[in-house]
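Undergrad: Below: one structure in structure tokens.
Put into structure tokens, the structure is as follows:
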């Protein structure tokens, strides 16, 4: 199915309406873009990208910080019919190299803040072209007007590729189609409703599906977003008050920090606070309810183009530990190890199906995550009699710290390269601020400090947010008879030790 280009259509129907506000402590003035102005700038960038050699079907790596240029480039790549590859700016050069090669990206677009990370990658990867987009100034849209283009969007074509962490091996490439984004936006709108003056605050990274989803929802719904370069408590609370923000998406770590700020009452001006990216504690939900904050817990993942269930603010009082009902067009099942459906209240694996769910991982035809049209999430939970989802654990071994997915096996592999470490296991330990923190348990004959462990991992090109925040030295690690690590037992033992 083909649709008119979403941005081009809004540039006609809502040309003078504000589409994008950009606030940054690093720029003296607030930028405000109407839909017509955004469309004009996008069309200029289409010409630039085509002059660079980008053509239909090319895969383009984006290693960019939050800025209007990011959103402009995403729309420009759509018009070029190229596929965006969203890269995490916090990764090391070696981690980025693997993802660029795996995705077969031909071009890598970076900015002045990310260029130093990838300076020599074009020498390591054949045919890769690196371009710093900061060298292309934004044109004056008032002097260089372009008419809205008439290009269409094929809903079934791939819009972008995201990398998501798993519990085994390397990250997995998730290709999401325009259809995935479109139906995710529609389902979200049906759940939250759309108000004429809606303004969604985007303080999450645009390379995360949760951040990009906000940008797609706004253009599909014809509403506005306020973009920040990064999360900062003061900047968020100022933006809410000054720009009359109505909706915000946060991970629990962000919300905890906002609640500690003297101006936390600004959050009461919102009509919805979507909370996802990591499990939220019941303590946090109850605190929000006591403060009359419109909290709206969600459940989703990269593979579902962001949220797939949402608990509306009015339901949070009675369903406070739930992640809500499936959004329109989505279904849930809870199954046992034999893939048999379980009764109400029984705990099992969460399966999801819907128009926003990916078709499968890139370059992994053997991966059986999707079976008979159902995505096997690996997450554990149950449904109540009314169909509300309750998530018990998230992808058992996966560590979610500050909204970032971290898989233990990558860190364990690096730790075992240390000549003094005989065995290693990495687990996530609950933390009020971060949700979970990376904790390493090692077997060694010598005394190794946390600083030594962190320095060793950094030398092995491990991103800083993946570095262990605590380390324990044990004589042996608990295992099953077959030699499999008993991670939950290790978590329990560490928790007991911390509580002593």
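Numbering (the numbering used here), first residue to last: 884 to 1383. Beta carbons are placed, not taken as given, at the ideal position from N, Cα and C, and that holds for glycine. These figures come from a predicted structure and were not determined experimentally.
#1: With 16 as the cutoff for other CB atoms within 10 Å, does residue 1107 come out buried or exposed?
#2: Are the CB atoms of residue 954 and residue 1126 within a distance shorter than 8 Å?
#3: What are the complete beta strand (DSSP E) segments, minimum 3 residues, inside the segment 893 to 965?
#4: Entirely within the segment 1309 to 1367 and at least 3 residues each: give me those beta strand (DSSP E) ranges in chain order.
#5: Buried or exposed: residue 1262, going by 16 or more other Cβ atoms within 10 Å of its Cβ?
#6: Report buried or exposed for residue 1287, applying the criterion of at least 16 other Cβ atoms within 10 angstroms of its Cβ.
#7: For residue 1171, count neighbouring C-beta atoms within 10 Å of its own C-beta (all shown protein chains included) and say buried if the count is 16 or more, exposed if not.
#8: How would you write the range of the beta strand (DSSP E) that residue 1179 sits in, first residue to last?
#9: Taking the beta strand (DSSP E) that residue 1155 falls in, what are its first and last residues?
#10: Less than 8 Å between C-beta atoms, sequence neighbours within five positions excluded: which residues of the same chain meet that for residue 1147?
#11: At the level of alpha carbons, what is the spacing between residue 1072 and residue 1103?
#12: In its own chain, which residues sit with a C-beta less than 7 Å from the C-beta of residue 1316, not counting the 5 before and 5 after it?
#13: By Cβ distance below 8 Å, which residues in the same chain neighbour residue 962 in space, the five residues on each side in sequence not counted?
#14: Comparing C-alpha positions only, which one of 1247, 1252, 968, 1248 sits nearest to residue 878?
#15: Which residues bound the alpha helix (DSSP H) around residue 1378?
#16: At what residues does the beta strand (DSSP E) containing residue 1015 begin and finish?
#17: If you check the beta carbons only, do residue 1212 and residue 1192 fall under 8 Å apart?
#18: Which complete beta strand (DSSP E) runs does the segment 1048 to 1080 hold, if anything under 3 residues is left out?
#19: Span of the beta strand (DSSP E) holding residue 1257?
#20: Report the option in 1123, 1235, 1195 whose CA atom is closest to the CA atom of residue 1214.
#21: Per DSSP, residue 1288 is paired with what?
#22: Going straight from the alpha carbon of residue 1094 to that of residue 1339, what length do you get?
#23: What's the C-alpha gap between residue 1109 and residue 1222?
#24: Quick check on the DSSP output: the alpha helix (DSSP H) that includes residue 1005 runs from which residue to which?
#25: Tell me whether residue 975 sits in a helix, a strand or coil according to DSSP, three-state version.
#26: If residue 948 sits next to residue 1112, beta carbons under 8 Å apart, how far is it from one beta carbon to the other, in whole angstroms?
#27: Would you decide whether residue 1190 is buried or exposed? Buried here means 16 or more other CB atoms lie within 10 Å of its CB.
#28: Let me check understanding here. Comparing Cα to Cα, which of 1015, 934, 1355 lies closest to residue 1381?
#29: May I ask which residues mark the beginning and end of the beta strand (DSSP E) holding residue 1132?
#30: Within the same chain, show all residues whose beta-carbon is closer than 8 Å to that of residue 1377, passing over the 5 residues directly before and after it, in chain order.
#31: Cα-Cα, which of 1065, 1045, 941 is closest to residue 1012?
#32: Classify residue 1214 as helix, strand or coil using the three-state DSSP reduction.
#33: Around the Cβ of residue 1201, are there at least 16 other Cβ atoms within 10 angstroms (buried) or fewer (exposed)?
#34: So, are the CB atoms of residue 986 and residue 968 less than 8 Å apart?
#35: Determine the burial state of residue 1197: buried for a count of at least 16 other Cβ atoms within 10 Å of its Cβ, exposed for fewer.
TA: Taking the coordinates as given:
#1: Buried: at least 16 other Cβ atoms inside 10 Å.
#2: No, the pair does not count as a contact, with Cβ atoms beyond the cut-off.
#3: Annotation note: the segment 893 to 965 contains the following uninterrupted beta strand (DSSP E) runs of length 3 or greater, listed N- to C-terminal: 901 to 905, 914 to 917, 942 to 946.
#4: Correct list: 1318 to 1327, 1353 to 1356.
#5: Label assigned to residue 1262: buried.
#6: Counting every other CB atom within 10 Å of its CB across the protein chains shown gives residue 1287 a total of 16 or more, marking it as buried.
#7: Looking at its Cβ environment, which holds 16 or more other Cβ atoms inside 10 Å, residue 1171 is buried.
#8: Counting along the chain, the beta strand (DSSP E) containing residue 1179 begins and ends at 1178 to 1184.
#9: DSSP places residue 1155 in the uninterrupted beta strand (DSSP E) bounded by 1155 to 1158.
#10: Taken in chain order, the residues that qualify are 1120, 1141, 1174.
#11: Their Cα atoms are separated by approximately 10 Å.
#12: Only residues of its own chain outside the window of five on either side were considered, and among them 1136, 1139 have a CB closer than 7 Å to the CB of residue 1316, listed in chain order.
#13: The beta carbon of residue 962 sits closer than 8 Å to those of 888, 925, 926, 929, 1032, 1034, all from its chain and outside the five residues before and after it, given in chain order.
#14: Residue numbering for the chain in the displayed model covers 884 to 1383; residue 878 lies beyond these limits and cannot be assessed.
#15: Counted as a single uninterrupted DSSP element, the alpha helix (DSSP H) harbouring residue 1378 occupies residues 1370 to 1382.
#16: Following the DSSP letters along the chain, one finds residue 1015 inside the beta strand (DSSP E) bounded by residues 1012 to 1015.
#17: Not in contact: residue 1212 and residue 1192 (Cβ atoms no closer than 8 Å).
#18: Within the segment 1048 to 1080, the complete beta strand (DSSP E) segments of 3 residues or longer fall at 1055 to 1060, listed in chain order.
#19: Counting along the chain, the beta strand (DSSP E) containing residue 1257 begins and ends at 1257 to 1266.
#20: Selected option, being the one with the closest Cα: 1235.
#21: Residue 1288 is bridged to 1283.
#22: Our two residues, residue 1094 and residue 1339, have alpha carbons roughly 32 Å apart in a direct line.
#23: A straight-line Cα-Cα distance of about 43 Å links residue 1109 and residue 1222.
#24: Run containing residue 1005: 1004 to 1007, per the alpha helix (DSSP H) assignment.
#25: In the structure shown, residue 975 sits in coil (DSSP, three-state: anything other than H, G, I, E or B).
#26: Indeed they touch by this definition, with Cβ atoms about 6 Å apart.
#27: By the beta-carbon neighbour count (other beta carbons within 10 angstroms, threshold 16), residue 1190 is buried.
#28: Ranking the options by Cα distance to residue 1381, first place goes to 1355.
#29: Note, residue 1132: beta strand (DSSP E), 1130 to 1133.
#30: The answer, listed in chain order, is 1310, 1312, 1322, 1324, 1355.
#31: Comparing Cα-Cα distances from residue 1012 to each of 1065, 1045, 941, the minimum goes to 941.
#32: Shown here, residue 1214 sits in a strand according to DSSP, grouped into three states.
#33: The residue is exposed, with fewer than 16 neighbouring Cβ atoms inside 10 Å.
#34: Pairing residue 986 with residue 968 gives a Cβ-Cβ distance under 8 Å.
#35: Classification for residue 1197: exposed.
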